[in-house]
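Q:
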């Protein structure tokens, strides 16, 4: 069974940066999109950003230039570079691959606090 393995989360001070990674444990064919959802404390899981095979990025309205999504198609890996982090970015971030099936990561905690 294919698993998505996330890494890169942690505790960071406001203004800091983190880079989240999500890789598939085995090759997944015909991936249409790779991206991230997040669940902030007390909130529902919400779409954050996704990138298609062709490189088109689709993001929620709350996503701004502080975040950059990229993917490595050959490695079945997606990255989320987060800069200028704010306390309101605190959440569990889940990666999501859309192919013939939908795959989810286990979630990685990002905490922005001084």
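Numbering (the working numbering), first residue to last: 542 to 655.
Every residue gets a Cβ at the ideal spot worked out from N, C-alpha and C, and that includes glycine.
The structure displayed is predicted, hence computed values, not measured ones.
(1) Report the rounded CA-to-CA distance for residue 607 versus residue 561, giving the unit in angstroms.
(2) May I ask which residues mark the beginning and end of the beta strand (DSSP E) holding residue 487?
(3) CA-CA distance, residue 569 and residue 548?
(4) Apply the 10 Å Cβ neighbour rule to residue 610 and answer buried if 16 or more other Cβ atoms are within range, or exposed otherwise.
(5) Mapping DSSP to helix, strand and coil, what is residue 637?
(6) Could you check what DSSP says for residue 544 in three-state terms: helix, strand or coil?
A: Quick answer:
(1) 13 Å
(2) Any property of residue 487 remains undetermined from this structure, which presents the chain solely from 542 to 655.
(3) 19 Å
(4) buried
(5) strand
(6) coil
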